[in-house]
Amino acid sequence: MTSSLRSVCVFCGSRPGINPSYAAAARDVGGLIAQHDWRLVYGAGDVGLMGEVARAAQTAGALSLGVIPVHLMAREQGKRDLTTLIITENMHERKKVMFMNSDAIVVMPGGAGSLDEFFEVLTWAQIGLHSKPIFLLNTEDYWEPLMFLIDHVIEQGFADASLRGHFVVVNDAYELTAGLLAAFE
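Start counting at 1 in the sequence shown, then tack on 1085, and there's your number in our numbering.
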């Protein structure tokens, strides 16, 4: 985190989910990124929660870096009006570029892709490859089953209790803002 421009990577669903609170939270996150003059780093989609967070960030004046693999350009309707759009060959490159260009990670509700992204950055933190803050945005208790699973993994001896210390669960954009501001001090 050496640059004065802070970048917040948002991992989230390419679908909106069934609860309108998820889209509202995505818009809140996009707005808070812009409000604090941070840059949005995300998966470059113009659909689902990805589209919501990007449109909110852009509308409020944030810089945006979108990263999308070539095979998802049509499916996720790759957003071409971003400050910077990077098209990668595959998902592995996408995650690497997003991670390398961010100072903090926010994981919003999403599906298998969001879980994959969360567990990859969590694993990297666990084995000491980075110390970037990771936030789980627990909109409407979306991540409660995941917290139960992580606690189960710890209780069954497959991870040390310190695993829970590598991420912070926040319930809304206000808690997220406070966490990001503290991390960026």
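Note that the Cβ used here is the ideal one computed from N, Cα and C, for glycine as well.
Note that the structure is a prediction, hence the values are computed from the model and not measured.
Beta-carbon separation of residue i and residue j under 8 Å?
| i | j | result |
| --- | --- | --- |
| F1203 | V1253 | no |
| L1134 | A1111 | yes |
| I1172 | V1182 | no |
| E1174 | P1194 | no |
| G1151 | A1129 | yes |
| C1097 | V1138 | yes |
| A1141 | G1115 | yes |
| Q1211 | L1248 | yes |
For residue i, list the residues DSSP reports as bridge partners.
| i | result |
| --- | --- |
| P1154 | T1173 |
| R1179 | For R1179, which the question treats as bridged, DSSP gives no partner whatsoever. |
| V1132 | According to DSSP, V1132 bridges with nothing at all. |
| F1220 | V1191 and V1253 |
| V1093 | L1125 and A1189 |
| D1149 | The question names Asp, but residue 1149 is Ser in the sequence shown. Its beta-bridge partners are L1125. |
Would you mind working out which of the options sits nearest residue i, comparing C-alpha positions?
| i | options | result |
| --- | --- | --- |
| H1251 | I1172, D1131 and A1189 | A1189 |
| H1146 | A1258, T1262, V1132 and D1166 | Per the sequence presented here, residue 1146 reads as Gly, with His not at that position. The shortest C-alpha separation from G1146 is found at D1166. |
| N1186 | R1249, S1106 and Y1127 | Y1127 |
| G1180 | A1141, S1199 and T1168 | Before going on, a small fix: residue 1180 reads as Lys here, not Gly. When only C-alpha atoms are compared, the closest one is S1199. |
| A1267 | W1209, H1121 and I1239 | H1121 |
Excluding five sequence neighbours on each side, which residues of the same chain lie with their C-beta closer than 6 Å to the C-beta of residue i?
| i | result |
| --- | --- |
| W1228 | L1221 |
| C1094 | V1126, M1183, S1187 and I1190 |
| L1117 | A1258 and T1262 |
| R1091 | W1123, D1188 and F1269 |
| V1238 | A1244 |
| T1168 | L1148 and S1149 |
| R1100 | G1133 |
| A1108 | P1101 and E1137 |
Among residues of its own chain, excluding the 5 on either side of residue i, which ones have a beta-carbon nearer than 8 Å to its beta-carbon?
| i | result |
| --- | --- |
| T1087 | Per-residue confidence for T1087 stands at a pLDDT of 41, beneath the threshold of 50, marking its modelled position as unreliable; no derived number is given. |
| G1264 | P1218, F1220, V1253 and V1255 |
Near residue i, which residues of its chain fall below 7 Å by C-beta distance, leaving aside the five closest residues on each side in sequence?
| i | result |
| --- | --- |
| N1256 | N1223 |
| Q1143 | S1149 |
Checklist entry - What runs of the alpha helix (DSSP H), each 4 residues or longer, lie entirely inside the stretch 1096-1122? => result Runs of the alpha helix (DSSP H) inside the stretch 1096-1122: 1105-1120.
Next on the checklist: Suppose only complete runs of 4+ residues qualify. What are the alpha helix (DSSP H) ranges in the stretch 1228-1266, listed by chain order?
Outcome noted: DSSP runs (the alpha helix (DSSP H)) wholly in the stretch 1228-1266: 1229-1240.
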